[in-house]
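Quick notes on the structure that follows.
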DNA sequence: ATGTGC
C-alpha cells in the first residue's frame, strides 16, 4: 500500500469515515500516493478533499462533477456603492436557460453541442454558488497587485461545474467498466479522457456564462482573474515517470493563485501556492469542507434558526436561496472553519495568504418553477 | 453532484 498523507493539524475535524475512504482508495491497484487535505470529508465511496497519484485512470475518483471549480472575476463596481438588496432583486431567472444566442456563444467558446446545451450558464445545486465579495484584508500586496486586483472593487466568485454533462460522462464509463482503474492507453480510457477533457472545457465555459449572466443582470463590467478546476484527472511527469493525478475536491497548487472559499458566513482566502508542493501531490484544499452530511443540517439547526434567519449571515452578507433544505444544508454551521483549514496549509508550507475576501451577496437558487406556490407540473402522457 | 422520481 502506498504512502497515505494527511495534511491536517490535530485541531482540524476529520471524520473517521473520510479517513477510511482515504485508506481504502489508496489501496486500489496501481495507486502510488494518496493525500488528504484539511477539508477532507466523506464522499460517495471515495473521499472529497483528496488527491491520488496512480498508474491507472480512475474515473470514479474524479466523480460526476468533472471540471467543477472556482472562477474569480474583478468587477468595476466600487465596493462602497453596492446595494445588496437592490442587486438581489435584479438576480432572477438564472436557473433556466440563458436567453442570449446560446448556439453562437457556444461555438465561440469552441464547445461541441451536447444534450446539455441548455444547462450552460446555470449554477446548479449542492454547494455551488455565485458570490459577490469585497476585499477584506490584503496580506501580500505585491502578489495582489500582480493579479491586477483592486481592493476597492467588488469581486465575483463562481463555484460550479459540468452539470448533467459530467454526470453522463461518468455514468457511461461506469456502466461498461465499473469502478476499476483503466489502463491509460486502452480504448475505454481514451474515450473517457476525451469526454472528460470536453467536460473540463464545458465547465470552464459554464462558469464564464454564469458570470456573464450575473454581471449583465447587475449592469457590471468585469474581467476574469482566475478559473481553476478541482475535480479532474491529468497525466503528470512524476520524477520522470508518466502517472495520473486525480483531484477530487482538491485545488491545484501548480496553476497560480487560487481562492479557497469558506462558507457564505465566513471569509474566503485568496492564496499563493508554494513552489514545491509534491508532498501534497501539488494540491491544496478546495474549500472549508463539510462537517455535517447533507440532509443533517436541518435537524440540527431548525430549532434555533428559521429559514429567514439563514438569509443573513454573521458577516452581514445576504443569501439568495429559496430552497429551504438547501438553505440549511449549506448553512455556515455545516462546514468546518476555513480559517483552520487554510492555517493547516500555511503551517505545512504549502501556500501563503494573499488576501481575505468577505461575502456580500451569495446566490444559491431561486425557487424552481414547479415548486412555486400555485404552479403545477403539466401532466404527461395525456392530451 | 444530477433534467434527482412517481
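In UniProt numbering, the protein residues as written are 1 to 383. Ideal Cβ positions, reconstructed from N, Cα and C, are used throughout, including at glycine. The structure presented is a predicted model; accordingly, all values stated were derived computationally and were not measured.
Straight-line gap, residue i to residue j (C-alpha atoms, nearest Å)
{"i": "residue 231", "j": "residue 53", "result": "14 Å"}
{"i": "residue 193", "j": "residue 187", "result": "10 Å"}
{"i": "residue 325", "j": "residue 95", "result": "17 Å"}
{"i": "residue 163", "j": "residue 195", "result": "14 Å"}
{"i": "residue 381", "j": "residue 117", "result": "Because residue 381 sits at a pLDDT of 46, beneath the cut-off of 50, its placement in the model cannot be relied upon, and the following sentence gives the value as read from the coordinates. So the alpha carbons of these two residues sit roughly 25 Å apart."}
{"i": "residue 241", "j": "residue 302", "result": "52 Å"}
{"i": "residue 112", "j": "residue 255", "result": "26 Å"}
{"i": "residue 89", "j": "residue 216", "result": "13 Å"}
{"i": "residue 73", "j": "residue 337", "result": "24 Å"}
{"i": "residue 2", "j": "residue 85", "result": "52 Å"}
{"i": "residue 101", "j": "residue 110", "result": "15 Å"}
{"i": "residue 367", "j": "residue 31", "result": "43 Å"}
{"i": "residue 128", "j": "residue 160", "result": "5 Å"}
{"i": "residue 9", "j": "residue 184", "result": "35 Å"}
{"i": "residue 315", "j": "residue 16", "result": "31 Å"}
{"i": "residue 201", "j": "residue 97", "result": "19 Å"}
{"i": "residue 178", "j": "residue 265", "result": "39 Å"}
{"i": "residue 274", "j": "residue 99", "result": "42 Å"}
{"i": "residue 14", "j": "residue 25", "result": "16 Å"}
{"i": "residue 56", "j": "residue 349", "result": "29 Å"}
{"i": "residue 219", "j": "residue 75", "result": "10 Å"}
{"i": "residue 83", "j": "residue 214", "result": "15 Å"}
{"i": "residue 345", "j": "residue 253", "result": "11 Å"}
{"i": "residue 322", "j": "residue 306", "result": "13 Å"}
{"i": "residue 122", "j": "residue 156", "result": "15 Å"}
Which residues DSSP lists as bridging residue i, in chain order
{"i": "residue 362", "result": "131 and 319"}
{"i": "residue 271", "result": "258 and 353"}
{"i": "residue 281", "result": "Paired residue(s): none; residue 281 is not in a bridge."}
{"i": "residue 70", "result": "159 and 228"}
{"i": "residue 312", "result": "318"}
{"i": "residue 289", "result": "None; residue 289 has no bridge partner."}
{"i": "residue 151", "result": "DSSP output for residue 151 lists no bridge partner at all."}
{"i": "residue 31", "result": "54"}
{"i": "residue 238", "result": "241"}
{"i": "residue 138", "result": "355"}
Selection from the options that minimises the alpha carbon distance to residue i
{"i": "residue 77", "options": "106, 170 and 221", "result": "221"}
{"i": "residue 429", "options": "345, 290, 363 and 320", "result": "A query on residue 429 cannot be resolved here, the shown segment of the chain reaching from 1 to 383 and no further."}
{"i": "residue 361", "options": "166, 233, 320 and 299", "result": "320"}
{"i": "residue 114", "options": "165, 330 and 93", "result": "165"}
{"i": "residue 271", "options": "278, 280, 265 and 259", "result": "259"}
{"i": "residue 212", "options": "139, 250, 334 and 158", "result": "158"}
{"i": "residue 238", "options": "253, 278 and 202", "result": "278"}
{"i": "residue 80", "options": "365, 27, 247 and 153", "result": "153"}
{"i": "residue 300", "options": "107, 327, 16 and 315", "result": "327"}
{"i": "residue 91", "options": "75, 13, 63 and 210", "result": "210"}
{"i": "residue 126", "options": "352, 263, 275 and 305", "result": "263"}
{"i": "residue 276", "options": "317, 352 and 339", "result": "352"}
{"i": "residue 106", "options": "27, 87 and 198", "result": "198"}
{"i": "residue 317", "options": "12, 363, 63 and 224", "result": "363"}
{"i": "residue 294", "options": "144, 265, 13 and 335", "result": "335"}
{"i": "residue 12", "options": "346, 365 and 340", "result": "340"}
{"i": "residue 143", "options": "345, 119 and 257", "result": "257"}
{"i": "residue 229", "options": "104, 66 and 292", "result": "66"}
{"i": "residue 167", "options": "63, 155, 298 and 181", "result": "63"}
{"i": "residue 365", "options": "108, 124, 170 and 297", "result": "124"}
Close beta carbons around residue i, own chain, < 6 Å, minus the five adjacent residues each side
{"i": "residue 261", "result": "268 and 287"}
{"i": "residue 234", "result": "245"}
{"i": "residue 140", "result": "354"}
{"i": "residue 28", "result": "none"}
Contacts around residue i, its chain only, beta-carbon distance under 7 Å, and the 5 residues preceding and following it disregarded
{"i": "residue 227", "result": "69, 71, 204 and 207"}
{"i": "residue 49", "result": "36, 37, 39, 40, 41, 249, 250, 285, 286 and 289"}
{"i": "residue 281", "result": "33, 35, 51, 53 and 245"}
{"i": "residue 151", "result": "135 and 138"}
{"i": "residue 4", "result": "22, 23, 26 and 34"}
Residues near residue i in its chain [Cβ-Cβ closer than 8 Å; skip 5 each side]
{"i": "residue 174", "result": "59 and 60"}
{"i": "residue 148", "result": "74, 223 and 225"}
{"i": "residue 6", "result": "14, 19, 22, 35, 36 and 40"}
{"i": "residue 343", "result": "9"}
{"i": "residue 119", "result": "97, 163, 164, 165 and 206"}
Inset, instruction - Tell me, please, whether the stretch 11 to 21 touches the stretch 41 to 50 by the rule of three or more beta-carbon pairs shorter than 8 Å. - result: Segments in contact, yes.
Legend entry - the stretch 308 to 319 contacting the stretch 281 to 290, beta-carbon criterion three pairs below 8 Å: no
Inset, instruction - May I ask you to verify whether the stretch 347 to 358 touches the stretch 126 to 136, counting CB pairs closer than 8 Å and requiring at least 3? - result: Short answer: they touch.
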